[in-house]
Each structure stands twice: as structure tokens, then as C-alpha cells.
Amino acid sequence: MTEIATRQHWMAVLARATQGEVDALLQQAGPLPAHEVLKAPETGTVMVEGRAGGAGRRFNLGEATVTRCVVRLESGAMGFSYALGRDGRKARLAAITDALLQGEAEAGPLQRGVFALTQKQQAARELASRKAAATKVDFFTLVRGA
0 MTEIATRQHW
10 MAVLARATQG
20 EVDALLQQAG
30 PLPAHEVLKA
40 PETGTVMVEG
50 RAGGAGRRFN
60 LGEATVTRCV
70 VRLESGAMGF
80 SYALGRDGRK
90 ARLAAITDAL
100 LQGEAEAGPL
110 QRGVFALTQK
120 QQAARELASR
130 KAAATKVDFF
140 TLVRGA
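Numbering (numbering that gives the first Met the number 0), first residue to last: 0 to 145.
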């Protein structure tokens, strides 16, 4: 995986995680590092698009509330986060985690934590998929008068 793809992956995992999960992940790395908040957590809305049938024409599904935050560590590493909802603390913690993951020293325990969160999120998706598949109804058409 490229460096950009790796960062996109961990940022996606952090965005899907709960505040408690991000907090626990940061606690594994030790005390919260000194940081400067460049852009305090702010909440806004974004337009969510869907696709007909999953791959067809685009359409506006509706708006979603998103909170974003930007921080800079003493090392100079900048962290960014976007999270669904209004949880400013989660956005700040996720931005700090993003910044730490870019460094060499702190990245080891955090990378293992992100990997564990990835597995947990994947298992939850698979469980939801299995539950949905169990309720699937197959419709068929009868041919009359043949």
C-alpha cells in the first residue's frame, strides 16, 4: 500500500471509530502529546451522494453533520480529522492520532491499535451483511400459458 493509501485507510478507520475507541487507542501510545489546535473542532454539513443501484446515476441523498479538526504536534506533524456527527472531542483526538501515526516513534503501538480497530469494524460489517442476507427474499416470475 502506498503512503497516501495507508494514511487514507487509518483516517477512514478513525472516522468510523467511536470516541471511546479513539481515546483507548491514544492511551496505548502514552500520555496525550502537547499539541496546538490550528482549527478547533467545528461542525457543519456536507451533501451525501448516492448512486442508483450502487453504480448508476448519482443523486443527492441528503445532508450529514460532520465535525472537523486540525492540530499540530510539537514535532511539526499536522493531523486532520473529519467525523460524522457533532463530537468535537472525538474529532480532536482523531486529529492527534493522525499526527502521531505520521511519526516514527509513536506509530508502532498506534498502528497495531488501528489494525485491531480495522478487524473489529470488518467483523461488524460482515455480521451486518450476514444478517441482511438472512432476510433476503428471492422473487421469480411465473410464465403463464406456455
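We put the CB at the ideal spot given by N, CA and C, even for glycine.
Shortest alpha-carbon distance to Thr64 belongs to which of Phe114, Thr44 and Gly49? Thr44
Is there contact here, the region 119-134 with the region 76-87, by at least three beta-carbon pairs under 8 Å? no
Quick one: grab the DSSP three-state call for Met77. strand
At least three beta-carbon pairs within less than 8 Å, the region 96-115 to the region 26-40: yes
Could you check which residue in Ile3, Met0, Cys68 and Asp137 has the C-alpha nearest to that of Leu37? Cys68
Does the region 50-62 come within contact of the region 82-95, defined as at least 3 CB pairs closer than 8 Å? no
Decide if His8 is buried, meaning its Cβ has at least 16 other Cβ atoms within 10 Å, or exposed. exposed
Under three-state DSSP, which class holds Met10? helix
Using DSSP bridges, identify the partner residues of Lys146. Since the first and last residues shown for the chain are 0 and 145, residue 146 lies out of range.
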